[in-house]
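Here is the structure we will look at, set down as C-alpha cells.
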Amino acid sequence: MPRAQEKLSHACILSAASMDEAMEKANALAMAAVCSGSEPRPCGQCRDCRKAAAHIHPDIITIRRQEDAQGRPRREITVDQIRALSADALVLPNEAECKVYILRDADRMNLAAQNAALKLLEEPPRSVRFFLCVTNAELLLPTVRSRCTGLYDGRGEAELDGESAKRADDYLKTVAAGDRGALLRWCSDNEGIDGRAAVAFNDAVAARLTDMLSGVWPSQGLNRQQLLELGRLNRTCADYLRVNTGVKHIFGLLAVDSPLNGSKDNK
Ligand SMILES: [Zn+2]
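Heads up: the sequence shown begins at 0 in numbering that gives the first Met the number 0, then just goes up one per residue.
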C-alpha cells in the first residue's frame with residue numbers, strides 16, 4: 000500500500016473554470032518541480048525557473064489537442080498521443096531532476112486515450128510528474144481520477160476568503176504540531192461554523208495541500224505520506240459536505256482521522 004501511495008503522488012488533476020487558469024497553475028507547479036534553487040520553490044531565479052518561465056524548459060512537455068488542416072484543435076486527445084507520451088516518459092530528464100507532462104484539455108482524452116493514460120498512471124516511470132488540466136473533471140474516468148492526488152479547484156481558490164485560508168493554515172499547523180489534544184480543541188472551537196464556511200475551509204485545505212505537495216508552499220514539516228493522507232481525508236470531507244453532512248461531523252472526522260506528525264497514533 001505505501002508503495003502504491005507513493006506512486007499516486009506523481010499525478011495531479013488541476014481543475015479550474017477556464018483552461019487558461021488551469022494551465023497557469025500547471026505551469027507554476029511545473030516550474031516548482033524543475034526548480035534547482037533553494038526553498039521555497041520555485042525560486043524564480045535559477046536557470047530551470049528562467050527556462051520554465053520562457054516556456055523553453057526541455058523537461059516540461061505540454062500535450063495538447065492536435066490541429067486539423069484548418070489549424071483548429073481537434074475534438075479529442077487521441078490514444079496515439081498518449082502512447083507517444085508513454086514512450087517519451089521512459090527517457091530520462093534532460094536537465095532537471097524530473098520530467099513534467101502537462102496535459103492541456105486532459106478531459107478531452109477519448110476513452111482509448113484515457114485507458115492508455117491509466118496504464119501510465121498505474122506504473123509511472125521514475126522522476127515523472129503529470130498535471131492533468133481540466134475544466135470538467137467528471138469527464139475523466141473514475142479510475143483515472145482515483146490515481147491522481149490533488150484536485151486543485153480554481154473556483155474554490157477564486158472565492159477563497161482570508162478567513163478560510165487562515166482556518167486552513169491553522170488546521171494544518173495543528174496537525175503538523177502533532178498534539179491530538181490540541182487538534183481536538185481546535186476542532187471543537189471551529190465546529191460551530193456554517194455549512195458554507197465549512198465548504199470554503201475544506202476547499203482552502205485542498206488548495207494548500209496541492210501547493211504543499213508540489214513544493215510551492217512550505218509543508219510545515221508534514222511529510223509526503225501525511226500530505227497524501229490529508230488529501231484523501233479532505234476529499235472524503237468534500238463528499239460529505241456535498242450531501243449536506245453536518246459541519247460538526249466533518250470536524251469530528253478531522254479530529255480523529257487527521258494523520259498527526261511524529262505521533263504514535265499516526266496511522
Ligand atoms: Zn528555481
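Idealized CB from N, CA, C, for every residue including glycine. Computed from a predicted model, the values in this text were never measured in an experiment.
So what's residue i in DSSP terms, helix, strand or just coil?
i, result
"I81", "helix"
"V127", "strand"
"S14", "strand"
"T61", "strand"
"G230", "helix"
"R146", "coil"
"N201", "helix"
"G36", "coil"
"T244", "coil"
"S218", "coil"
"Q44", "coil"
"L183", "helix"
"I249", "helix"
"G191", "coil"
"D178", "coil"
"N260", "coil"
"L139", "coil"
"S213", "coil"
"A29", "helix"
"A21", "helix"
"E162", "helix"
"R154", "In this prediction, R154 has a pLDDT of 49, which is less than 50 and means its spatial position is unreliable; what the coordinates show is noted afterwards. Reduced to three states, the DSSP call for R154 is helix."
Report the partner residues of residue i according to the DSSP bridge assignment.
i, result
"A55", "Strictly speaking, residue 55 in this sequence is Ile, with Ala absent from that position. Its beta-bridge partners do not exist; DSSP assigns none."
"E66", "P72"
"R133", "First, the residue type needs correcting, since residue 133 is Val and not Arg in the sequence shown. In the DSSP output, where bridge partners are listed per residue, V133 has S14."
Once you ignore the five residues that flank residue i on each side, which residues in its own chain have a CB closer than 6 Å to its CB?
i, result
"M30", "P41, C48 and A51"
"C109", "The question names Cys, but residue 109 is Asn in the sequence shown. Contacts found: E75."
"A88", "P124 and V127"
"L119", "S85"
"W185", "T173"
"Q225", "P258"
"A83", "none"
"L232", "D256"
"V204", "A167 and N233"
"D210", "W216"
"A25", "L13, I101, F130 and C132"
Give the C-beta separation of residue i and residue j to the nearest angstrom, bearing in mind that I take them to be a contact with Cβ-Cβ under 8 Å.
i, j, result
"T77", "A27", "With a Cβ gap of about 28 Å, T77 and A27 do not count as contacting."
"T173", "A181", "6 Å"
"A175", "G220", "5 Å"
"P258", "L229", "7 Å"
"L131", "I12", "5 Å"
"E95", "D58", "Looking at the sequence shown, residue 95 is not Glu but Ala. Confirmed, about 4 Å."
"A136", "S14", "5 Å"
"V33", "C97", "7 Å"
"D188", "L139", "So it is not a contact: roughly 37 Å between Cβ atoms."
"C147", "A53", "That belief does not hold up - the Cβ atoms of C147 and A53 are roughly 28 Å apart, past 8 Å."
Excluding five sequence neighbours on each side, which residues of the same chain lie with their C-beta closer than 7 Å to the C-beta of residue i?
i, result
"T61", "I101 and R103"
"E162", "none"
"L183", "A254"
"I249", "A197, C236, Y239 and L240"
"D19", "none"
"N201", "N233, C236, A237 and L240"
"D67", "R73"
Counting only the same chain and skipping the five closest in sequence on each side, list residues whose C-beta sits under 8 Å from that of residue i.
i, result
"A115", "V78, I81, R82 and S85"
"G194", "L240, N243 and V246"
"C45", "C34, S35 and G36"
"R64", "P72, R73, R74, E75, I76, R103, D104 and R107"
Would you mind listing the beta strand (DSSP E) stretches within the segment 72-120 that are 3+ residues and don't spill past its ends, in chain order?
-> Listed in chain order, the complete beta strand (DSSP E) runs (minimum 3 residues) inside the segment 72-120 are 98-102.
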